[in-house]
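Here's the structure we're looking at; comments come further down.
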Amino acid sequence: MSTRRKFIKLSALGAGLLGSGFQYASAFGGSLGAAKKNKPVVISTWNHGIPANAAAWEILKKKGTALDAVEAGVRVPEADPEVRTVGYGGYPDREGHVTLDACIMDKDSNCGAVAFLEHIKHPISVARKVMEDTPHVMLVGDGALQFALEKGFQKENLLTPESEKDWKNWLKESKYKPVINIENHDTIGLLALDANGDLAGACTTSGAAYKMHGRVGDSPIIGAGLFVDNEVGAATATGLGEAVIRMVGSHLVVELMRQGNSPEDACRLAVERIIAKHKDVKDLQVGFIALNKNGEYGGYCIHKGFNYAVQDKSGVKLLDGKSKF
């Protein structure tokens, strides 16, 4: 066999191995896929990701776990009444109830979630308790609230005067047509790679403003709003949850990275898949961010206006996600 044919054959074999998370060497030596890792690193959706990342970074820089970091990070916007799309102070549903969704996933594919949860400021911490203290993945509604109270969480009124005023103004016309990048700006998803090279992710939201009572989007659904595979990478989504659920979006992004795509390209291909399945995307916004095992990251969305925050040893960055339109 000629050297050229031998190289092509080995390269083709190696491409398949890369798709399974393995490294390989070419016929001329050297390890492809042995890139120097950027770690630790934390990445999250939207500009409220900056303070969330800062809290996560305090844990990561001390060689804490990615799991602890992602929980600590998203608790910041959950408790901030100025962030109107997450936790305390979030926009209510059309009946005036603030209902929260969240999920968390660790390096070993353990995961926990809560959905349609009321009165608890930190649903992400309840989701972690579901993961660690029950045989289940998801608890919802009154059952999730009962579980949270049994675990010592405090029952609170999450509807702030500002959100209540906005809801009452909305009731005058009761028109439900969310404005992209505003009322679809409905999530914080946060991904982290720690000093040990392990990944974790968290996602939490108060959901779409003025949604139907009982509606749950993609954010608490493993594989849709969040997915972590410690051999490959992690991804999380923001935007209209129904569109993300239909494509199992975050799982799709991770699988595209498994096939050898960069984080940004994986996000782009997932966005293009969503666009292809919808006749009209003029008022539809979906964005993804992704982080791979080497600490490389990227984001992509349908329409411009989506941004994401990154913190690593080089500092803090707020980046505009590339967009299809």
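Positions in the sequence shown are counted from 1; adding 2 to them yields the working numbering. Note that the Cβ used here is the ideal one computed from N, Cα and C, for glycine as well. Nothing here was measured: the structure is a model prediction, and the numbers come from that model.
Bounding residues of the beta strand (DSSP E) (the contiguous stretch that carries residue i)
| i | result |
| --- | --- |
| phenylalanine 327 | Premise fails: phenylalanine 327 is in no beta strand (DSSP E) and is neither H nor E. |
| aspartate 103 | 102 to 107 |
| valine 116 | 113 to 119 |
| methionine 214 | Premise fails: methionine 214 is in no beta strand (DSSP E) and is neither H nor E. |
| leucine 141 | 140 to 142 |
Sub-7 Å separation of residue i and residue j beta-carbons
| i | j | result |
| --- | --- | --- |
| glycine 51 | alanine 268 | no |
| methionine 140 | valine 230 | no |
| glycine 251 | alanine 210 | no |
| isoleucine 247 | aspartate 220 | yes |
| leucine 286 | leucine 242 | yes |
| alanine 237 | valine 256 | yes |
| asparagine 294 | methionine 259 | yes |
| valine 72 | alanine 204 | yes |
| histidine 2 | aspartate 95 | Limits of the chain in this structure are 3 at one end and 327 at the other, which puts residue 2 out of reach. |
| isoleucine 122 | phenylalanine 149 | no |
| threonine 206 | isoleucine 126 | yes |
| alanine 330 | lysine 319 | The question about residue 330 has no answer here: the residues shown for the chain are numbered 3 through 327. |
Bounding residues of the alpha helix (DSSP H) (the contiguous stretch that carries residue i)
| i | result |
| --- | --- |
| phenylalanine 155 | First-last for phenylalanine 155: undefined, no H or E at that position. |
| glycine 89 | Careful: glycine 89 lies outside any alpha helix (DSSP H) and carries neither H nor E. |
For residue j and residue i, believed in contact at Cβ under 8 Å, the rounded distance
| i | j | result |
| --- | --- | --- |
| alanine 54 | leucine 193 | In fact, because the Cβ distance is near 11 Å, the residues do not count as touching under 8 Å. |
| valine 142 | valine 116 | 7 Å |
| alanine 292 | proline 265 | 4 Å |
| alanine 104 | glycine 75 | The Cβ separation is near 12 Å, so there is no contact. |
| aspartate 88 | glutamate 97 | A small fix is needed here, since residue 88 is valine in this sequence, not aspartate. Not quite, the Cβ-Cβ distance comes to about 20 Å (not below 8 Å), so this is no contact. |
| asparagine 171 | aspartate 200 | No, asparagine 171 and aspartate 200 are not in contact; Cβ-Cβ is about 46 Å, not under 8 Å. |
| glycine 297 | lysine 41 | 5 Å |
| glycine 323 | asparagine 309 | 6 Å |
| leucine 147 | glutamate 120 | 6 Å |
Bridge partners - residue i, DSSP secondary structure assignment
| i | result |
| --- | --- |
| glutamine 313 | Val44, Val318 |
| valine 230 | Ala236 |
| valine 256 | Partner(s): none; valine 256 has no beta bridge. |
| methionine 249 | Beta-bridge pairing links methionine 249 to no other residue. |
| threonine 206 | Ala104, Ile190 |
| asparagine 294 | Gly235 |
| leucine 195 | Val43, Leu201 |
Inter-residue Cα distance where the pair is residue i and residue j
| i | j | result |
| --- | --- | --- |
| lysine 39 | tyrosine 93 | 39 Å |
| alanine 68 | lysine 131 | 16 Å |
| leucine 102 | leucine 195 | 26 Å |
| isoleucine 61 | aspartate 70 | 7 Å |
| histidine 305 | glutamate 152 | 43 Å |
| proline 222 | leucine 228 | 8 Å |
| glycine 235 | proline 83 | 32 Å |
| valine 273 | glycine 307 | 15 Å |
| leucine 19 | glutamate 158 | Note that leucine 19 has pLDDT 36, beneath the 50 cutoff, so the model's placement of it is unreliable and the number below is only indicative. Looking at the two C-alpha atoms, the distance is approximately 51 Å. |
| threonine 136 | serine 111 | 15 Å |
| glycine 31 | aspartate 282 | In this predicted model, glycine 31 has a pLDDT of only 28, less than 50, meaning its place in the structure is not dependable; the value taken from the coordinates is given anyway. So the alpha carbons of these two residues sit roughly 49 Å apart. |
beta-carbon residue i near the ligand FMN non-hydrogen atom, thresh 6 Å
| i | result |
| --- | --- |
| histidine 50 | Inclusion of the ligand FMN in the displayed structure is not the case, the ligand content being empty and no account of it being possible. |
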